[in-house]
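Keeping their order, the protein sequence lines are chains Y and Z.
If you're matching positions, the first sequence starts at 1 in my numbering and goes up one per residue.
If you're matching positions, the second sequence starts at 1001 in my numbering and goes up one per residue.
Everything below concerns the one structure shown next.
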Amino acid sequence: GAGVSQSPSNKVTEKGKDVELRCDPISGHTALYWYRQSLGQGLEFLIYFQGNSAPDKSGLPSDRFSAERTGGSVSTLTIQRTQQEDSAVYLCASSLGQGTGNTIYFGEGSWLTVV
Amino acid sequence: AQSVAQPEDQVNVAEGNPLTVKCTYSVSGNPYLFWYVQYPNRGLQFLLKYITGDNLVKGSYGFEAEFNKSQTSFHLKKPSALVSDSALYFCAVSSQTGANNLFFGTGTRLTVIP
Chain Y
1 GAGVSQSPSN KVTEKGKDVE LRCDPISGHT ALYWYRQSLG QGLEFLIYFQ
51 GNSAPDKSGL PSDRFSAERT GGSVSTLTIQ RTQQEDSAVY LCASSLGQGT
101 GNTIYFGEGS WLTVV
Chain Z
1001 AQSVAQPEDQ VNVAEGNPLT VKCTYSVSGN PYLFWYVQYP NRGLQFLLKY
1051 ITGDNLVKGS YGFEAEFNKS QTSFHLKKPS ALVSDSALYF CAVSSQTGAN
1101 NLFFGTGTRL TVIP
């Protein structure tokens, strides 16, 4: 596609429920990233996928968070047993290859509110 | 370990005046440096990046940034601010020899006053 596509754009869920957030990267981009942006905060790295390599999960805040990337394209970020502190914007991004100079392009984000 | 500092949470500038948004970084080895802009309720948009070569980098919407290795800085500048430049600006760094992800600063909110 023309850009990184994320869905849903907005999600309100009850505390304790599971949520899934979807990301469709730019066509041809082999690197995919998830970041979290809490209100008034900077961007917090969550997880990084590159091709068929094992993902870098070093940023996931707890074992309630997981992500997968099927077929090297679409990715799903899953948050189990959501808590109010999970409320944030979840940003997906993609880039060409694994060179660290490659520009990372962001989607519009999935706004999650846990009530 | 990589880190980015944006020392100003808020920058106000009059329309037509030059603007500067500051960024300093810490990284192992040589850096790749980026600026992104975020408009309200939107994702991040890429403005410009420094990879190698000329220390002055020109980007979108008339913005530019200067890489200063000795001061480990990468300040964002524009000669004449527009009201439409009002947004949240993020500086980011990655290492040429390190991990593939970007480390972001906490952002600077720029307000251009008409």
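No residue lacks a Cβ here, since even glycine has one placed at the ideal position from N, Cα and C.
Residue i - containing beta strand (DSSP E), residue span
i                        : result
leucine 39 of chain Y    : Note, leucine 39 of chain Y: premise wrong, no beta strand (DSSP E); not H, not E.
tyrosine 1025 of chain Z : 1024-1026
tyrosine 1036 of chain Z : 1031-1038
valine 971 of chain Z    : Nothing about residue 971 of chain Z can be read from this structure; chain Z reaches only from 1001 to 1114.
lysine 57 of chain Y     : Segment: none, lysine 57 of chain Y is in no beta strand (DSSP E) and carries neither H nor E.
alanine 1001 of chain Z  : That residue, alanine 1001 of chain Z, is in no beta strand (DSSP E); it is neither H nor E in DSSP.
arginine 69 of chain Y   : 65-69
glutamate 20 of chain Y  : 19-24
arginine 1042 of chain Z : Counting along the chain, arginine 1042 of chain Z falls outside any beta strand (DSSP E), and DSSP gives it neither H nor E.
arginine 81 of chain Y   : Where arginine 81 of chain Y is concerned, there is no enclosing beta strand (DSSP E), given that its DSSP letter is neither H nor E.
valine 1021 of chain Z   : 1019-1021
serine 5 of chain Y      : 5-7
leucine 1102 of chain Z  : Element bounds for leucine 1102 of chain Z: n/a, residue is neither H nor E.
Between the CA atoms of residue j and residue i - distance to the nearest angstrom
i                             : j                          : result
histidine 1075 of chain Z     : valine 1021 of chain Z     : 6 Å
valine 1057 of chain Z        : glycine 71 of chain Y      : 37 Å
asparagine 1101 of chain Z    : tyrosine 33 of chain Y     : 8 Å
valine 114 of chain Y         : glutamate 1064 of chain Z  : 39 Å
lysine 1077 of chain Z        : leucine 1048 of chain Z    : 11 Å
threonine 1052 of chain Z     : lysine 1069 of chain Z     : 11 Å
valine 89 of chain Y          : asparagine 1030 of chain Z : 31 Å
valine 1093 of chain Z        : tryptophan 1035 of chain Z : 9 Å
threonine 103 of chain Y      : glycine 1043 of chain Z    : 15 Å
valine 19 of chain Y          : serine 87 of chain Y       : 11 Å
serine 73 of chain Y          : threonine 30 of chain Y    : 7 Å
phenylalanine 1103 of chain Z : glutamine 1010 of chain Z  : 20 Å
cysteine 23 of chain Y        : cysteine 1091 of chain Z   : 24 Å
glycine 1105 of chain Z       : glutamate 1008 of chain Z  : 11 Å
isoleucine 1113 of chain Z    : glutamine 41 of chain Y    : 24 Å
aspartate 1085 of chain Z     : proline 1079 of chain Z    : 12 Å
phenylalanine 49 of chain Y   : threonine 1111 of chain Z  : 36 Å
alanine 1001 of chain Z       : serine 1095 of chain Z     : 9 Å
valine 1013 of chain Z        : alanine 1005 of chain Z    : 21 Å
alanine 1087 of chain Z       : serine 38 of chain Y       : 17 Å
leucine 1082 of chain Z       : serine 75 of chain Y       : 38 Å
alanine 2 of chain Y          : glycine 59 of chain Y      : 28 Å
Where residue i meets chain Z, residues with beta-carbon distance less than 9 Å
i                           : result
glycine 42 of chain Y       : Val1004, Gln1006, Phe1090, Phe1104, Gly1105, Thr1106 and Gly1107
phenylalanine 49 of chain Y : Result: empty, since nearest Cβ-Cβ is about 10 Å, beyond 9 Å.
7 Å Cβ cut-off: residues of chain Y touching residue i
i                       : result
lysine 1049 of chain Z  : Thr103
glycine 1043 of chain Z : Leu91, Phe106, Gly107, Glu108 and Gly109
Proximal chain Z residues relative to residue i, where beta-carbon distance stays under 8 Å
i                       : result
aspartate 63 of chain Y : Neighbours of aspartate 63 of chain Y on chain Z: none; closest Cβ ~20 Å, over 8 Å.
The ligand GTP heavy atom lying under 8 Å from the CB of residue i
i                      : result
arginine 36 of chain Y : Among the components of this structure there are no ligands whatsoever, and the ligand GTP is therefore not found.
> Could you give the uninterrupted runs of the beta strand (DSSP E) lying entirely in the segment 1048-1087 of chain Z, keeping only those of 3 residues or more?
Replying inline: As far as the segment 1048-1087 of chain Z is concerned, its whole beta strand (DSSP E) runs of at least 3 residues are 1056-1058, 1064-1068 and 1073-1078.
>> Please identify, using Cβ separations under 7 Å, the residues of the segment 78-111 of chain Y that lie next to chain Z, in order along the chain.
In response: Leu91, Gln98, Thr100, Gly101, Thr103, Ile104, Tyr105, Phe106, Gly107, Glu108 and Gly109: these are the residues of the segment 78-111 of chain Y whose beta carbon lies less than 7 Å from some beta carbon of chain Z, given in chain order.
> Which of the residues in the segment 1058-1073 of chain Z, read from start to end, lie with their CB under 9 Å from any CB of chain Y?
Replying inline: Residues of the segment 1058-1073 of chain Z with a C-beta atom less than 9 Å from some C-beta of chain Y do not occur.
>> Please identify, using Cβ separations under 9 Å, the residues of the segment 1022-1039 of chain Z that lie next to chain Y, in order along the chain.
In response: Flagged, chain order: Tyr1032, Phe1034, Tyr1036 and Gln1038.
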